[in-house]
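Everything on this sheet refers to the single structure shown next.
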Amino acid sequence: QSRALRGVSFFDYKKMTIFRCQDNCAERGYLYAGLEFGAECYCGHKIQATNVSEAECDMECKGERGSVCGGANRLSVYRLQLAQESARRYGSAVFRGCFRRPDNLSLALPVTAAMLNMSVDKCVDFCTEKEYPLAALAGTACHCGFPTTRFPLHDREDEQLCAQKCSAEEFESCGTPSYFIVYQTQVQDNRCMDRRFLPGKSKQLIALASFPGAG
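Residue 83 in the UniProt record's numbering is what sits at position 83 of the sequence shown, and the numbering runs on without skipping anything.
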């Protein structure tokens, strides 16, 4: 039987809660979280099933009395809230979204590596090592760079456009050559933080007046 949510899953037959399932799916960059049998959590980018009566979801969460965590072969599905989406994480990296390939790729994201066994971890680690704050996955290519006017991260696309699975991790999305999955690494963007101080013996200048025509 095919699943309604086909991403990662995990089970906890003692401590499963709705929040724990939602948090687990959000951390991995998914849009939906679903609970079943009171203890099973499933994640996905798309719901691939039809609705049934909510009364069929009648099993209490193993770790949260009074809350419903699906039923027998019935999934309680939650769409992750916008507040969660904006802070979705993958390990130390923050998920930024799906974005169209920039027009001038080599200028927008200047460092690129081909990775046959692509995964989110590999691309994020590569860009972190190269000291770039952005890691963009494009199928089997990993691009690194800074947010700039060439790649401003303003216009997010539908994540289904980036839903191609990673070659090394079937439950992760690695983007395509045309639509990139972007993560923000832990590297700080220090381009505007460099400071230059005048030598210690520099003369201090004082403006005595400023008005039109003062020359």
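For each residue, glycine too, the CB sits at the ideal point set by N, CA and C.
Since we're looking at a predicted model, the values are computed, not measured.
- A direct Cα-to-Cα measurement between Ala39 and Phe99 gives close to 35 Å.
- Here Leu134 is bridged, per DSSP, to Gly145 and Gln184.
- Every beta strand (DSSP E) stretch that sits fully inside the UniProt domain "WSC" (1-81) and reaches 3 residues is listed by chain position as 9-11, 32-36, 40-44, 64-68 and 76-79.
- For Phe180, the number of other beta carbons within 10 angstroms of its own is at least 16, and it is reported as buried.
- Counting C-beta atoms within 10 angstroms of its own C-beta, Pro110 has fewer than 16 neighbours from the protein chains shown and is therefore classed as exposed.
- Pairing Tyr183 with Ala113 gives a Cβ-Cβ distance that is not under 8 Å.
- In this structure, DSSP gives Cys98 an extended state, which the three-state scheme calls strand.
- Excluding five sequence positions before and after Thr128, the CB atoms of its chain that fall closer than 7 Å to its own CB belong to Thr185, Gln186 and Val187, given in chain order.
- Per DSSP, the unbroken alpha helix (DSSP H) holding Thr128 starts and ends at Val120 to Glu129.
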